[in-house]
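J.: This is the structure I want to talk about, given as structure tokens.
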Amino acid sequence: MALLLPQQFFDLAPNVGKSYYENLEGGTNAAVTVQNNSTNPVSLVITRVDAPVITYVIPALNSLTLSVKGLLVAALLTGATPAFGTIQVATFEF
555 MALLLPQQFF DLAPNVGKSY YENLEGGTNA AVTVQNNSTN PVSLVITRVD
605 APVITYVIPA LNSLTLSVKG LLVAALLTGA TPAFGTIQVA TFEF
């Protein structure tokens, strides 16, 4: 069964990180979609169960969708420039 969580808008200042999904009770299978509408890159930080933290840089005016097994935290991080756009998480069982 899938659960589509509400789409969240982000508008992050320079050098800011913010978590948009957390499941610290063992993780869940999920799909994470980020749409970067700004002219600056934004980083998607994925923390999974028993796995290293992975960071994906989403270039300006691009999007990324990931399927993640055992998702604990999905967060966004900016560098020296601000970024804005949307993030959406859908949880499901494989």
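Using the working numbering, the first residue of the sequence shown is number 555, and each one after it goes up by one.
In this text, a Cβ means the ideal position worked out from N, Cα and C, and glycines have one as well.
If distances are taken between C-alpha atoms only, which option among Ser617, Asn569, Tyr575, Leu566 comes closest to Pro560?
T.: Checked all of Ser617, Asn569, Tyr575, Leu566; the closest Cα to Pro560 is Tyr575.
J.: Does Leu630 come out as helix, strand or coil in the three-state DSSP assignment?
T.: Strand at Leu630.
J.: Taking the beta carbon of Ala556 as the centre, do at least 16 other beta carbons fall within 10 Å, making it buried, or is it exposed?
T.: With fewer than 16 other Cβ atoms within 10 Å, it is exposed.
J.: Ordered along the chain, which non-local residues of its own chain (more than five positions away) have a Cβ less than 6 Å from that of Lys623?
T.: Counting only Cβ-Cβ distances below 6 Å, and skipping sequence neighbours, we find Asn583.
J.: Would the beta-carbon of Ala629 fall within 8 Å of that of Gly571?
T.: Yes, Cβ-Cβ distance for Ala629 and Gly571 is below 8 Å.
J.: Buried or exposed: which applies to Ala637, given that a residue is buried once 16 or more other Cβ atoms fall within 10 Å of its Cβ?
T.: It counts as buried.
J.: Per DSSP, Ala644 is paired with what?
T.: Leu558, Ala585, per the DSSP bridge assignment.
J.: For Leu625, which of Thr619, Val603, Ala634 has the nearest alpha-carbon?
T.: Selected option, being the one with the closest Cα: Val603.
J.: Write down the C-beta distance between Leu615 and Thr593 rounded to the nearest angstrom, noting that I regard them as a contact closer than 8 Å.
T.: That belief holds up - the Cβ atoms of Leu615 and Thr593 are roughly 7 Å apart, short of 8 Å.
J.: Between the beta-carbon of Leu618 and the beta-carbon of Ile612, is there less than 8 Å?
T.: The answer is yes: Cβ separation under 8 Å.
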